[in-house]
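FYI, in my numbering the residues of the sequence shown are 14 to 366.
By construction, the Cβ of each residue, glycine as well, lies at the ideal position given by its N, Cα and C atoms.
All of these numbers come straight from a predicted model, not from anything done at the bench.
Here is the structure we will look at.
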Amino acid sequence: RRGGGRGARGAAPAMWVVLVALALAPRGKTLRVPGREVAFRVAHGHSSWRSTATARRRGRGVGSRLSMTSIPELAVVCTVPTMIGFWKREYGVSYAYGTAMAMSAAAVLRSEATTTLATWHAWAHLVYGVRLCLFLLWRELSVPKFREMREKIEAKAPALATESQSPVAKLLARVAARAPFIVGCSLLYFCMSLPLLASARAPPTRPGLLAAAITAIAYLGLSVAAAGDFHKSLAKARRGERTLVTTGCYAWLRHPNYTGEQVLWAASALVGLLCSTPLAAPGKTLVTWSAIALGQLGIQFVLMQATASLNERQRETYAEDPAYRDWTAFAGFEIRQKPKATPPLDEPQATAD
């Protein structure tokens, strides 16, 4: 302002410090400038600042998360891990899958998860991603069959290069052949992570008990998936790779690891839909809902395909095993018709008149 005297002249250098610090400092951090603490927020391509006294009056405090994860940032977080698929195609749907889920959740937790619901919602994605990567690493290092499977998938992957081409030409051909696969996986992981932004940006009073209950169901699915992987791996390690696992959670669910994932992602998507605010921006909300639905349809289709493929392999391997026939007659909550009781032989049966 004009006529500010010493205060105005002293504010000019401070503002330059603020601008330079804004360009160089990490997002969402509290910076100290002469005589004042300033909290910065960078969101959706614009920047703003407020003094910590103002932040305290608004109940957010100095250490609050004032940065927001933008849509492009989330897209980058989901795309970078997927690029490992250029090296090994199978890694694009295994390690990249878990890493993208964990990194996107960590980004939301770092910048936006200010409510209890949003925090628990993001932690479900983070725990799933970390657990999946650790499980895949252990399985690959300890079970030769999965290393062989990885190489078979790599051998069947499309390649546009020929033996006569130079190494650079082979690399470019490899990238061109796998780019659609990488883009498709990245888009799926991005759409699966959008519910985290929806729950993080929802007003604290909007989601309510229903969203909290659905989040609890997501943790149930997470637990079932983890228990299924652990129990099956432990049983095969003790009794051999060709063992048919029918105990534990496999006595009740045909494929608890896949079923748990389906429950987890369905619940996560429902939380995101419930936390959206259609009255504020109907067009934007419709796009968000469509993207969340696309991610949900994609992952459910992938899991159903994986389940069908596993069913077929088990049928070929254990078709002559009586334990397999007994197990498939019940596992998966299939309803069996109760056999009719036959009267004892010493009792006369009713005859038609």
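| Excluding the five sequence neighbours on either side, which residues of its own chain have a C-beta within less than 6 Å of the C-beta of Pro94, listed in chain order? | Ala109, Thr112 and Ala113
| query | Is Pro208 buried or exposed, if buried means 16 or more other CB atoms sit within 10 Å of its CB? | reply | If you draw a 10 Å sphere on the C-beta of Pro208, you find 16 or more other C-beta atoms in it, and that means buried.
| field | Between the CA atoms of Asp334 and Val373 - distance to the nearest angstrom | value | No statement about residue 373 is possible, as the shown extent of the chain runs from 14 to 366 and does not include it.
| task | Determine the DSSP secondary structure at Gln313, reduced to helix, strand or coil. | result | helix
| query | Quick one: is Asp242 buried, meaning 16 or more other Cβ sit within 10 Å of its Cβ, or exposed? | reply | buried
| task | Enumerate in chain order the residues of its own chain whose CB-to-CB distance from Lys158 is below 8 Å, with the five nearest sequence positions on each side excluded. | result | Glu254
| When you compare only the Cα positions, how much space is there between Arg252 and Val121? | 42 Å
| request: Would you tell me roughly how many angstroms separate the C-alpha atoms of Ala264 and Thr320, rounded to the nearest one? | output: Ala264 and Thr320: Cα-Cα distance of roughly 16 Å.
| said: Counting C-beta neighbours from all protein chains within 10 Å, is the total for Pro39 16 or more, i.e. buried, or is it exposed? | reply: Unreliable placement is indicated for Pro39, whose pLDDT of 44 sits below 50; the coordinate value is still reported in the next sentence. Classification for Pro39: exposed.
| message | I'd like the list of long-range same chain contacts for Trp133, defined as Cβ closer than 7 Å, with 5 residues on each side in sequence excluded. | response | Thr228
| Mind checking Arg191: buried by the 16 CB within 10 Å criterion, or exposed? | buried
| task | Assign Arg69 to buried or exposed, taking buried as 16 or more other Cβ atoms, counted over all protein chains shown, within 10 Å of its Cβ. | result | With a pLDDT of 37 at Arg69, under the threshold of 50, the modelled position of that residue is not reliable, and no figure is offered here.
| task | Determine the direct distance from the alpha carbon of Phe314 to that of Leu201, and round the result to whole angstroms. | result | Answer to the nearest angstrom: the Cα atoms are 11 Å apart.
| query | In whole angstroms, what is the alpha-carbon distance linking Leu323 and Ser117? | reply | 29 Å
| From the beta carbon of Arg187, is the nearest beta carbon of chain B less than 8 Å away? | Any reference to chain B falls outside this structure, which holds one protein chain only.
| request: Give every residue of the same chain whose Cβ lies closer than 6 Å to the Cβ of Ser199, excluding the five residues on either side of it in the sequence, and list them in chain order. | output: Cys91, Thr92 and Thr95
| query | Which residues in the same chain have their Cβ closer than 7 Å to the Cβ of Leu154, if we skip the five residues on either side of it in sequence? | reply | none
| message | For the alpha helix (DSSP H) containing Ile227, name the first residue and the last one. | response | Gly221 to Arg252
| Any idea what DSSP makes of Val156, helix, strand or coil? | coil
| request: Report buried or exposed for Thr301, applying the criterion of at least 16 other Cβ atoms within 10 angstroms of its Cβ. | output: buried
| Residues near Leu145 in its chain [Cβ-Cβ closer than 6 Å; skip 5 each side] | Gly111
| request: Measure the C-alpha to C-alpha separation of Ala282 and Cys288 and round it to an integer number of angstroms. | output: Rounded to the nearest angstrom, the two C-alpha atoms are 10 Å apart.
| message | Taking the alpha carbon of Ile166 as the reference point, which residue from Trp340, Lys101 and Cys204 has its own alpha carbon closest? | response | Lys101
| Leaving out five residues before and five after Tyr232 in sequence, what residues of the same chain have Cβ atoms less than 7 Å from its Cβ? | Ala137
| message | If you follow the alpha helix (DSSP H) that Phe194 is in, where does it begin and where does it stop? | response | Pro180 to Arg214
| message | Taking only three categories from DSSP, how would you classify Trp278? | response | helix
| What is the DSSP secondary structure of Pro217, counted as helix, strand or coil? | DSSP places Pro217 in coil when its eight states are reduced to three.
| What are the start and end residues of the alpha helix (DSSP H) that includes Ile97? | Where Ile97 is concerned, there is no enclosing alpha helix (DSSP H), given that its DSSP letter is neither H nor E.
| message | Going by DSSP, what residue range makes up the alpha helix (DSSP H) through Ser83? | response | No alpha helix (DSSP H) contains Ser83, which DSSP labels as neither H nor E.
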